[in-house]
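Novice:
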Amino acid sequence: MAAKNKIDKSKLTKKQLKKYKLQRKTIILAVIVGLLMLLSLVAPYFTPCDPYATDPLNLKAAPSAAHIFGTDYLGRDVFSRVLVGARTSVFATLLLVIISFIIGSTIGIICGYYGGIVDNVLMRITDILLSLPQLVLAIAIAGILGGSLVNALIAIGITSWTSYARLARSHTMRIKQLPYIDSVRMTGCGDVHILLKHVFPNLIGSMLVNATLEIGTTMLSIAGLSFLGLGVAPPAAEWGSMVSEGRAYLQLAPWTVFAPAASILVAVMLFNYFGECVCDLANMNEV
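Structure follows, in structure tokens:
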């Protein structure tokens, strides 16, 4: 049975073989991303040391068997803080992407379906926000609101919904002109039914692909605000704030910077690579 179900690669065309390899790569990356999320969720329960306990006898201690990533300027175990910070960095990013996805998609669908003055006003606001550097605007907003994780998420969220709104609007305008939408209207279905049952299901795929591409950028933005002191405030463990705390001791204890910085790099690269694979697979399926 296993032999029958196994794909014979020799009988696949070049395009089919490329698609098969891309599907396999996407599945592998999805598993790795899932494991990263699971690790981020349970990591605080498996830390080898208390991530907030200071040790005056082990200030800026080099990596060793007792402290894999060394200790910081207060003697706190860097490895434990990296594990605890993973939950904040990863799930704060996912939460913000989900909220931006919902808000942006809703605005885009309403604008694309109804048009008129609502579409003109909201799209002009979108154009203004898109014309400004996202991180610079987020820094300005976070500076006004004050430094905290919630304020950082609000600052980034104010600018991050725009890409979803633009994409949802363009897809909605295309979908509402399809002949079968007119047929649905003739049956007496209202706008809410059409939007929920026919418009949204036909654009959700493209919207999810865009969301996967935004995860890495959003994670960098959160880490950037925390690095500048506008996000997670010490002593809370978060990768960006850990890099900021450790930079003053970069020459004496470089591991306090390298460990969280490497975590950000690996996580962002992983999410970006996964998003690119999902995007390529979606484009290949549309062809």
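The sequence shown begins at -14 in the working numbering and counts up one residue at a time. The beta carbon of each residue, even a glycine, is placed where N, CA and C say it ideally should be. Bear in mind the structure is a predicted one, so any value in this text is a computation, not a measurement.
Alpha carbons only, please: which of Thr11, Ser25, Ala71, Leu266 is nearest the one belonging to serine 191?
Specialist: Within the sequence shown, residue 191 is the residue found at index 206, counting from 1. Per the Cα distances, Leu266.
Novice: Locate the alpha helix (DSSP H) running through tryptophan 224, then write down its first and last residues.
Specialist: Taking the first residue of the sequence shown as 1, we reach residue 224 at position 239. Taken as a continuous stretch (DSSP letters only), the alpha helix (DSSP H) holding tryptophan 224 covers 224 to 231.
Novice: Quick one: any contact between the stretch 121 to 131 and the stretch 172 to 185, if contact means 3 or more CB pairs under 8 Å?
Specialist: Segments in contact, no.
Novice: If you count every other CB in all the chains shown that lies within 10 Å of the CB of arginine 232, and 16 or more means buried, which is it?
Specialist: As a working note, residue 232 is residue 247 in the sequence shown. Arginine 232 should be labelled exposed.
Novice: Between the C-alpha atoms of isoleucine 299 and serine 229, what's the straight-line distance to the nearest angstrom?
Specialist: No answer is possible for residue 299: the residues shown for the chain start at -14 and end at 272.
Novice: I'd like to know whether the C-beta atoms of valine 75 and alanine 244 end up nearer to each other than 8 Å.
Specialist: Within the sequence shown, numbered from 1, the residue matching residue 75 stands at position 90. Within the sequence shown, numbered from 1, the residue matching residue 244 stands at position 259. Taking 8 Å as the Cβ cut-off, valine 75 and alanine 244 do not qualify as a contacting pair.
Novice: Find out if the Cβ-Cβ distance for the pair leucine 208, tryptophan 224 is shorter than 8 Å.
Specialist: By 1-based counting over the sequence shown, the position of residue 208 is 223. By 1-based counting over the sequence shown, the position of residue 224 is 239. Contrary to the premise, residue 208 reads as alanine rather than leucine in this sequence. Taking 8 Å as the Cβ cut-off, alanine 208 and tryptophan 224 qualify as a contacting pair.
Novice: Sorted by chain position, which residues of the same chain lie with C-beta nearer than 6 Å to glycine 214's C-beta, five sequence neighbours on each side aside?
Specialist: Position 229 of the sequence shown, counted from the first residue, corresponds to residue 214. Gly132, listed in sequence order.
Novice: Answer yes or no: do isoleucine 200 and glycine 260 have a C-beta to C-beta separation smaller than 8 Å?
Specialist: Residue mapping note: residue 200 aligns to position 215 of the sequence shown, counting from 1. Residue mapping note: residue 260 aligns to position 275 of the sequence shown, counting from 1. Yes.
Novice: Which residue's Cα is closest to the Cα of glycine 97: Met108, Ile87, Ile141?
Specialist: In the sequence shown, the residue the question calls residue 97 occupies position 112. Of the candidates Met108, Ile87, Ile141, the one whose C-alpha sits nearest the C-alpha of glycine 97 is Met108.
Novice: Tell me, to the nearest whole angstrom, how far the beta carbon of tyrosine 37 is from that of glycine 93; I am working on the premise that it is less than 8 Å.
Specialist: Along the sequence shown, read from residue 1 onward, the residue named residue 37 stands at position 52. Along the sequence shown, read from residue 1 onward, the residue named residue 93 stands at position 108. That pair is no contact at about 42 Å.
Novice: How many angstroms separate the CA atom of arginine 9 from the CA atom of alanine 28?
Specialist: By 1-based counting over the sequence shown, the position of residue 9 is 24. By 1-based counting over the sequence shown, the position of residue 28 is 43. Going from the Cα of arginine 9 to the Cα of alanine 28 covers about 28 Å.
Novice: Tell me the DSSP secondary structure of threonine 203 in three-state form.
Specialist: As a working note, residue 203 is residue 218 in the sequence shown. Threonine 203: helix per DSSP, three-state reduction.
Novice: Secondary structure at aspartate 167, three-state DSSP: helix, strand or coil?
Specialist: Counting from 1 along the sequence shown, the entry for residue 167 is found at position 182. Of the three classes helix, strand and coil, the one that applies to aspartate 167 here is helix, per DSSP.
Novice: Serine 248 to alanine 140, Cα distance in whole Å?
Specialist: Locating residue 248 in the sequence shown gives position 263, counting from the first residue. Locating residue 140 in the sequence shown gives position 155, counting from the first residue. Those two C-alpha atoms are separated by around 23 Å.
Novice: Have a look at methionine 158 and serine 116 and give me their C-alpha separation to the nearest angstrom.
Specialist: The residue given as residue 158 occupies position 173 in the sequence shown. The residue given as residue 116 occupies position 131 in the sequence shown. So the two alpha carbons sit approximately 23 Å from each other.
Novice: Taking the beta carbon of glycine 89 as the centre, do at least 16 other beta carbons fall within 10 Å, making it buried, or is it exposed?
Specialist: For this step, residue 89 is matched to residue 104 along the sequence shown. Result: buried.
Novice: CB alanine 77 to CB leucine 134, shorter than 8 Å?
Specialist: Position 92 of the sequence shown, counted from the start, is the residue given in the question as residue 77. Position 149 of the sequence shown, counted from the start, is the residue given in the question as residue 134. Yes, these two residues count as a Cβ contact at 8 Å.
Novice: So for threonine 157, helix, strand or coil by DSSP?
Specialist: Taking the sequence shown and counting its residues from 1, one reaches residue 157 at position 172. Helix.
Novice: Is phenylalanine 31 buried or exposed, if buried means 16 or more other CB atoms sit within 10 Å of its CB?
Specialist: Numbered from its first residue, the sequence shown carries residue 31 at position 46. The residue is exposed, with fewer than 16 neighbouring Cβ atoms inside 10 Å.
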